[in-house]
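Trainee: My questions all concern the structure below.
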């Protein structure tokens with residue numbers, strides 16, 4: 001086997017067609033120049049090893065990077081990836097939820113619903129993540145190879161050379177005052193959870209028993225018709241909560257105005273839920289009987305204890321939220 | 001030599017290679033003859049760096065090339081173009097003034113150490 005020919009082929013096959021013949025000829029002549037007149041295979045090996053890995057030699061000839069994304073674009077690439085990944089994941093999740101609930105027939109048990117959504121959600125996030133990663137990387141790898149800009153200065157996020165003026169576009173927010181995207185998405189998620197609990201209370205909240213084939217829903221805790229009488233107020237609260245979450249996302253930090261809006265919303269929501277909870281017909285009689293049997297108290301006692309407990313929890317969390325808003329606003 | 005020192009030395013040398021190669025191309029040279037010329041002056045250049053470098057210089061129109069097929073083995077000769085000569089002379093000036101400055105810095109350093 002002719003090692004020299006194989007080596008030359010290994011180099012030239014990585015090069016553009018038009019320069020192959022010339023480079024092959026030159027390489028052969030210089031390799032032969034380097035070898036003594038009578039040479040052994042060992043000599044050839046020494047010479048070829050000195051020339052090094054054919055892939056590396058070819059890349060030097062090509063004058064093309066041996067990386068996908070170089071220092072010029074790396075920072076822009078990473079920041080775009082960080083920005084797009086969560087947005088794409090959230091959009092995918094929301095559309096999945098919407099699709100699921102539109103086609104929801106109301107027959108599946110709640111545990112199954114939760115498990116299906118959880119499984120589908122994780123699969124969806126992984127799939128979207130891979131897609132975003134692939135297409136973004138591909139785009140940048142192509143840009144890296146087509147951009148003939150000679151200087152390799154890293155670019156700023158505006159795709160131009162960095163200047164001191166770029167600093168003016170950066171909003172400086174102290175860490176403790178900042179509202180993370182997680183927090184915003186968390187509160188949106190919480191709104192979605194309690195809203196579905198409200199509208200599907202007769203399917204979701206109540207007593208479950210283990211019938212052997214997973215959990216089975218037996219007694220709803222609340223009277224759905226009584227609950228649904230309050231729907232206009234609930235819709236207003238949902239709209240306000242979504243509005244506040246978007247406002248937080250937009251501002252990125254706590255302000256006095258935001259803390260006040262937050263207070264008004266919390267007070268309004270707490271008041272509305274106290275009104276709903278104190279409606280004497282709200283609780284399902286069957287549920288009260290079942291629970292008072294369970295805790296061996298009278299039905300009246302259970303009702304007071306239960307409603308009172310829920311109201312206290314509501315007031316406490318609302319107070320905590322209001323306080324937290326003002327505390328974060330105070331930080332400088 | 002430690003790897004760090006090794007990589008720093010390589011980095012220092014990298015810029016000088018173009019200048020060294022250009023300086024030897026006032027007369028036509030082929031790949032191997034250039035290696036020998038440089039080695040006789042004590043400059044060790046990696047062949048895998050030299051051959052692609054020659055092609056790049058040609059692409060930048062600093063050198064021109066021609067095949068000599070009159071001998072038993074065909075050889076590609078490279079020689080400085082007019083433009084290449086111009087650039088080489090300017091680079092040489094740059095290098096000499098740079099080395100003088102650096103020498104001044106390094107000499108100062110040495111004296112500090114001796115004190």
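Residue numbers (the UniProt record's numbering), protein chains in the order written: chain Y, 1 to 332; chain U, 1 to 115.
Here a beta-carbon is modelled for each residue, glycine too, at the ideal position from N, C-alpha and C.
(1) Take the Cβ of residue 58(Y) as the centre, count every other Cβ of all protein chains shown within 10 Å, and call the residue buried at 16 or more, exposed below.
(2) Thinking C-alpha only, which one of 90(Y), 161(Y), 22(Y) and 42(Y) is nearest residue 71(Y)?
(3) Taking the C-alpha atoms as reference points, what is the distance between residue 95(Y) and residue 117(Y)?
(4) So that I know if they touch, is there some Cβ in chain U lying closer than 8 Å to that of residue 33(Y)?
(5) Around the C-beta of residue 232(Y), are 16 or more other C-beta atoms found within 10 angstroms, so that it is buried, or is it exposed?
(6) Would you call the segment 44-54 of chain Y and the segment 20-36 of chain Y in contact, with 3 or more CB pairs under 8 Å?
(7) According to the Cβ coordinates, are residue 278(Y) and residue 318(Y) closer than 8 Å?
(8) Are the C-beta atoms of residue 25(Y) and some chain U residue less than 8 Å apart?
(9) Residue 336(Y): which of 15(Y), 329(Y) and 22(Y) sits nearest, CA to CA?
(10) Which class does residue 76(U) belong to by DSSP, given the choice of helix, strand or coil?
(11) State whether the segment 90-107 of chain U contacts the segment 19-27 of chain U, with contact taken as three or more CB pairs (one from each stretch) at a distance under 8 Å.
(12) Name, in chain order, the residues that DSSP records as bridge partners for residue 178(Y).
(13) Which residues of chain A have a Cβ atom closer than 8 Å to the Cβ of residue 49(U), listed in chain order?
(14) Thinking C-alpha only, which one of 249(Y), 228(Y) and 48(Y) is nearest residue 282(Y)?
(15) Hey, is residue 75(U)'s beta-carbon within less than 8 Å of any beta-carbon in chain Y?
(16) If residue 4(Y) and residue 28(Y) are in contact, beta carbons under 8 Å, what's the gap, nearest whole angstrom?
(17) Less than 7 Å between C-beta atoms, sequence neighbours within five positions excluded: which residues of the same chain meet that for residue 222(Y)?
(18) According to DSSP, which residues form a beta bridge with residue 321(Y)?
(19) Does chain U have any CB closer than 8 Å to the CB of residue 46(Y)?
(20) Can you tell which of 241(Y), 9(Y), 186(Y) and 81(Y) has the C-alpha that lies nearest to the C-alpha of residue 130(Y)?
(21) Based on the DSSP output, what are the partners of residue 68(U) in its beta bridges?
(22) Give the DSSP-derived three-state secondary structure of residue 36(Y) in the structure shown.
(23) Is it buried or exposed for residue 322(Y), if we count other Cβ within 10 angstroms and need 16 for buried?
(24) So with CB distances below 7 Å, who are the chain Y contacts of residue 55(U)?
(25) Quick one: which unbroken beta strand (DSSP E) runs of 3-plus residues sit fully inside the segment 57-124 of chain Y? Chain order, please.
(26) Go ahead and pull the three-state DSSP assignment for residue 220(Y).
(27) Indicate the three-state DSSP secondary structure (helix, strand or coil) for residue 129(Y) in the structure shown.
(28) Could you tell me whether the segment 234-252 of chain Y touches the segment 186-199 of chain Y, where touching means 3 or more Cβ pairs closer than 8 Å?
Mentor: Well, looking at it:
(1) Here the question's residue 58(Y) lines up with position 58 in the first chain. Answer is buried; the Cβ neighbour count reaches 16.
(2) By one-based count along the first chain, residue 71(Y) stands at place 71. Of the listed residues, the one whose Cα sits closest to residue 71(Y) is 161(Y).
(3) Mapped onto the first chain, residue 95(Y) falls at position 95. Mapped onto the first chain, residue 117(Y) falls at position 117. Spanning the two alpha carbons is a distance of roughly 12 Å.
(4) Indexing the first chain from 1 puts residue 33(Y) at position 33. Taking Cβ atoms only, chain U reaches closer than 8 Å to residue 33(Y), which makes this a yes.
(5) Along the first chain, read from residue 1 onward, the residue named residue 232(Y) stands at position 232. Exposed, because fewer than 16 other Cβ atoms sit within 10 Å of the Cβ of residue 232(Y).
(6) yes
(7) Here residue 278(Y) corresponds to residue number 278 of the first chain, with the count starting at 1. Here residue 318(Y) corresponds to residue number 318 of the first chain, with the count starting at 1. Going by C-beta atoms, residue 278(Y) is not nearer than 8 Å to residue 318(Y).
(8) Translated into positions along the first chain, residue 25(Y) becomes position 25. Yes - at least one Cβ of chain U is within 8 Å of the one on residue 25(Y).
(9) Shown here, chain Y extends from 1 to 332; a query on residue 336(Y) therefore has no answer.
(10) What you label residue 76(U) is simply residue 76 of the second chain in a count that begins at 1. In this structure, residue 76(U) counts as strand in the three-state DSSP scheme.
(11) yes
(12) Along the first chain, one-based indexing puts residue 178(Y) at 178. DSSP output for residue 178(Y) lists 253(Y) as bridge partner(s).
(13) Absent from the structure is chain A; the protein chains it does hold are Y and U.
(14) The sequence position of residue 282(Y) within the first chain is 282, counting from 1. The option with the nearest alpha carbon to residue 282(Y) is 228(Y).
(15) On the second chain, position 75 is the one that residue 75(U) refers to. Yes, its Cβ sits closer than 8 Å to a Cβ of chain Y.
(16) Along the first chain, read from residue 1 onward, the residue named residue 4(Y) stands at position 4. Along the first chain, read from residue 1 onward, the residue named residue 28(Y) stands at position 28. Right, their Cβ atoms sit about 7 Å apart.
(17) In the first chain, counting from the first residue as 1, residue 222(Y) sits at position 222. Around residue 222(Y): 201, 205, 282, 283 and 284.
(18) Taking the first chain and counting its residues from 1, the one referred to as residue 321(Y) is at position 321. BP columns for residue 321(Y) are empty, so no partner.
(19) One-based indexing of the first chain puts residue 46(Y) at position 46. Output row for residue 46(Y): interface = no.
(20) The sequence position of residue 130(Y) within the first chain is 130, counting from 1. Ranking 241(Y), 9(Y), 186(Y) and 81(Y) by Cα distance to residue 130(Y) puts 81(Y) first.
(21) Mapped onto the second chain, residue 68(U) falls at position 68. Residue 68(U) is bridged to 75(U).
(22) Sequence index remark: in the first chain, residue 36(Y) carries index 36 (1-based). Reduced to three states, the DSSP call for residue 36(Y) is coil.
(23) Mapped onto the first chain, residue 322(Y) falls at position 322. By the 10 Å Cβ count, residue 322(Y) comes out buried.
(24) As a working mapping, residue 55(U) is identified with position 55 in the second chain. What residue 55(U) touches in chain Y: 61.
(25) none
(26) Counting from one through the first chain, the residue named residue 220(Y) turns up at place 220. Looking at residue 220(Y) - three-state DSSP - the assignment turns out to be strand.
(27) Start at 1 with the first residue of the first chain, and residue 129(Y) comes out as number 129. Three-state DSSP puts residue 129(Y) in a helix.
(28) yes
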